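Shown next, in structure tokens, is the structure this report addresses.
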Amino acid sequence: MNPREHVLAGVTARLEEHSSLATRQSKVDGRLSMHGRNTVPARGKKSHAELIELFTAMLTAVQGSVTRVESLRQVPPAVSDYLELNTLGKEVCLDEEAEQLGIPWETNANLEFVAWVPKRSISVGITSCYGAVAETGSLVACSSGNHAITMNFLAETNIVILDSRNLVGVYEEIWDELRSESGMQLPRDLTLISGPSCTGDIEMVLEFGAHGPKRLHVIIVGDAVAEYEPVA
Amino acid sequence: MDVTSEKFVKLSEKALHDSSLQASMTFLGMGLSSRRKLAKDRLEEFDTLRDEARDIKDHVLENLDVYLQNFEEQVIASGGHVHWAADADAARDIVLAICQGVGARTITKSKSMVTEEIELVPHLEAHGISAVETDLGEYIIQLRNEKPSHIIAPAIHLNKDQISDTFFEHHRKAGFNEKLTERSDLVAQARQILREKFLAADVGISGANFLVADSGTVVLVTNEGNAELTIGLPETHIAITGIEKIVPTFEDASTFIRLLARSAAGMEISSYTSFITGPRRTDDRDGPSDFHVVLVDNGRSDMLGTRFQDMLRCIRCSACLNHCPVYLSVGGHAYGSVYSGPMGAVLTPQLASIDKAGHLPNASTLCGRCEEVCPVRIPLPKLMRYWREKEFEKHLSAPALRRGIMIWGWLNRFPRLYRVAMAVAARSMHLFGSTKGQWMTKLPGIASGWTRHRDMKVSGDGSFMSQWKKRK
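Listed in order, the protein sequences are those of chains X and E.
232 is the number that the numbering used here gives to position 222 of the first sequence; each next residue is one higher, with no gaps.
120 is the number that the numbering used here gives to position 119 of the second sequence; each next residue is one higher, with no gaps.
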């Protein structure tokens, strides 16, 4: 018996006493074909405006920061304001996915763009994202042909641009979007980013910037915003 | 699994007199349990999710062979490889062979209890491969050549000064000549050193918090972001985990994600929750080109269909440790096993043997706090009692204890005699009391062991039965 057969035979032997293989197979097939939802937190069922508030409250509670702008045109000044308020210099690395959003970066002469080199640390990384989930203030980052997901982890400061239309209430809404008739269309890496990197490994006190970004800043684009306010 | 649980009594005694450890334990006990309570109260559906999580795991365990094959099929379909390991030796050899196959010299590793269980790192190091733990707590204990004292906070037994000394000793050769006093500086120094390791590693090894059968996805949860750097940068990613980690779908994984960080640390969710499906795609900008999953049995299938099956629901959140009066008194190292606290007291006898780990299920007051907080409702006190029974059946417990239990058992068969004996015992308790007569401080003979470390309240009103009659 090869190791695979050995392990599986051991498991099967224990289960055989209670049910037949056919029963087990049909139970599993049933569950997998349904991908039914379990209880979903009520806090995720809210108006869009309330979801934005919930997302913001959740993320800021864990030292992330959020700012809102009405249009893509306002993103460059929002980025420079953030960098200036936090004295982070002018150098930024722009991800391809974020580049494709059509943000008029040229309107802001304050930023200096550096090219992304794989497997190298960067100071400020600007990325786009697949979407976000309000229930826990989580961004959904996906690896792809135009997004190097390691940028989200290698940058000392990660600025993420979120289209407000892509914000949903609960995780299940994201899974539904990714699902098609042929199953889930999953990227190699889908990461829920729910705050800057942190650790409590020394005396249980939370310190930020363990291995990933020390700062996580989200710029939500879209929806009527009363007035843009720079956030540090 | 190498255990030293037979030394539990001796190590506990030492732990109780270790003032620095006691300070850490007080910190832990106060911190995490109140944080968990707050997080639970913020989510009204919390207890419903616990019921559902229990049911999902039961369903998976009852159909585990089919689920494992489904998971395997999906990993292969997404371009990955699946390896099966019946025991620790096999698991270690599989990982070593993959590392040697790609000519790996250095590897990075994110936190994984299974790799602790199978003692993977010493095996790799013995074969000339440098393996660096990247979770900060794991990194600290790796430098100190210690084992984890807690399943999610491995260096919880250490204070800042001890960690500072360790860094000073080990980082000097890398040019860090200053002794640090601030926590933030210690974190920053580890970040700087480990960043270089991440960028240079040939292979990244992780565990898995969950395996999604439907899509062949490995789910990893961290706060530090170390798992993401461990698995995203090298050309090869090996995820090594137990066969019980399966969940059917992403919907089911969501339920567990809602429970895990709240139960563990009172957080709404960990900073990073990564869903890894297969290796780098053809046009992807980053990611490893090789993706391996090693499924480890190592005694788990033996628990299926037995009264210990419930233990296979465990998601390693540590809530039972954080709420256990025994764990919080003696810390993790006293258990002599990488799995400590109530979950360790149930799992260690299974993975090592009851002969070696008999002390662990006995070192419990069966107060029930662990079961109260378990996100998957494992009846931990009941399982510890099962181990006590097994130990008794195997004649492993101390002769004096066995004699005592047998006398008590015999007495129990004669209710009248039992009542007389109890009434006499209750009245004579004060003879062993202190001057105030409230507490028994020194019992004679074999019972002296009991009062060596604790006092017992003297019953002022006779036996339970006589009090019961009066109140009725």
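Even glycine gets a Cβ: it sits at the ideal position worked out from N, Cα and C.
Remember, it's a predicted structure, so these values are computed and weren't measured experimentally.
Kindly indicate if chain E contains any beta-carbon less than 8 Å away from that of residue i.
i              : result
E116 (chain X) : no
C4 (chain X)   : With chain X covering only 11 through 242, there is no way to say anything about residue 4 (chain X).
T70 (chain X)  : no
S138 (chain X) : no
E187 (chain X) : no
Q110 (chain X) : no
L18 (chain X)  : yes
G155 (chain X) : yes
V102 (chain X) : no
Give every residue of the same chain whose Cβ lies closer than 6 Å to the Cβ of residue i, excluding the five residues on either side of it in the sequence, and list them in chain order.
i              : result
A156 (chain E) : G138, I141 and I142
L230 (chain E) : F199
I203 (chain X) : L149 and A151
S131 (chain E) : T107
So which of the options has the shortest CA-CA distance to residue i?
i              : options                           : result
M114 (chain E) : E:K41, E:G129, E:H454 and E:E134  : E:E134
G217 (chain E) : E:I316, E:F257 and E:A78          : E:A78
A228 (chain E) : X:A220, X:V241 and X:D233         : X:A220
N160 (chain E) : E:G450, E:D456 and E:S21          : E:S21
R366 (chain E) : E:A353, E:K110, E:E14 and E:K383  : The question names Arg, but residue 366 (chain E) in the sequence shown is Thr. The option with the nearest alpha carbon to T366 (chain E) is E:K383.
T307 (chain E) : X:E109, X:N12, X:L18 and X:H28    : X:H28
S319 (chain E) : E:R472, E:A401, E:P149 and E:N64  : E:P149
S192 (chain X) : E:D56, E:K15, E:Q75 and E:L39     : E:Q75
G446 (chain E) : E:K458, E:Q439, E:W440 and E:F433 : E:F433
Q190 (chain E) : E:G205, E:D203, E:T167 and E:V204 : E:T167
P128 (chain X) : E:C325, E:F257, E:M457 and E:G288 : E:G288
D311 (chain E) : E:D291, E:S272, E:R378 and E:A353 : E:R378
Secondary structure at residue i, three-state DSSP: helix, strand or coil?
i              : result
M114 (chain E) : helix
G243 (chain E) : strand
T49 (chain X)  : coil
T349 (chain E) : helix
I152 (chain E) : coil
F292 (chain E) : strand
M11 (chain X)  : coil
V459 (chain E) : coil
M441 (chain E) : strand
E2 (chain E)   : Looking at the sequence shown, residue 2 (chain E) is not Glu but Met. The answer is coil: DSSP assigns M2 (chain E) none of H, G, I, E or B.
R286 (chain E) : coil
T22 (chain X)  : helix
R281 (chain E) : coil
C152 (chain X) : strand
Any beta carbon from chain X within less than 8 Å of residue i's own beta carbon?
i              : result
V327 (chain E) : no
Y340 (chain E) : no
P280 (chain E) : yes
T237 (chain E) : no
T250 (chain E) : yes
Y273 (chain E) : yes
G267 (chain E) : no
V67 (chain E)  : yes
K161 (chain E) : yes
D90 (chain E)  : no
N178 (chain E) : no
R184 (chain E) : yes
D94 (chain E)  : no
Can you find the residues in the same chain that come closer than 8 Å, C-beta to C-beta, to residue i, ignoring five residues on each side of it along the sequence?
i              : result
T242 (chain E) : S113, V115, G208, A209, L212, V219, V294, V295, L296 and V297
A422 (chain E) : L412
L313 (chain E) : K58, L62, E245, R301, M304 and L305
H60 (chain E)  : P249
L82 (chain X)  : L111, G112, I113, P114 and V231
How long is the line joining the alpha carbons of residue i and residue j, rounded to whole angstroms?
i              : j              : result
E53 (chain E)  : I184 (chain X) : 21 Å
S90 (chain X)  : G74 (chain X)  : 17 Å
L104 (chain X) : C315 (chain E) : 42 Å
Y68 (chain E)  : S275 (chain E) : 21 Å
L329 (chain E) : M26 (chain E)  : 5 Å
R428 (chain E) : L33 (chain E)  : 43 Å
T167 (chain X) : G141 (chain X) : 19 Å
E26 (chain X)  : N162 (chain X) : 47 Å
E120 (chain E) : V222 (chain E) : 21 Å
Excluding the 5 residues preceding and the 5 following residue i in the sequence, name in chain order all residues of the same chain whose CB lies nearer than 7 Å to its CB.
i              : result
L361 (chain E) : S6, F9, Y336, G345, A346, T349 and P350
C321 (chain E) : G342, P343, M344, C371, V374, C375 and L381
L260 (chain E) : L50, R51, A54 and P376
K100 (chain X) : L93, N120, L121 and E122
G54 (chain X)  : A144, E145, G179 and V180
A201 (chain E) : T107
Taking 7 Å as the line, does the beta carbon of residue i fall inside it for any heavy atom of the ligand SAH?
i             : result
A32 (chain X) : Absence of the ligand SAH from the depicted structure is noted, as is the absence of any ligand whatsoever, leaving it without description.
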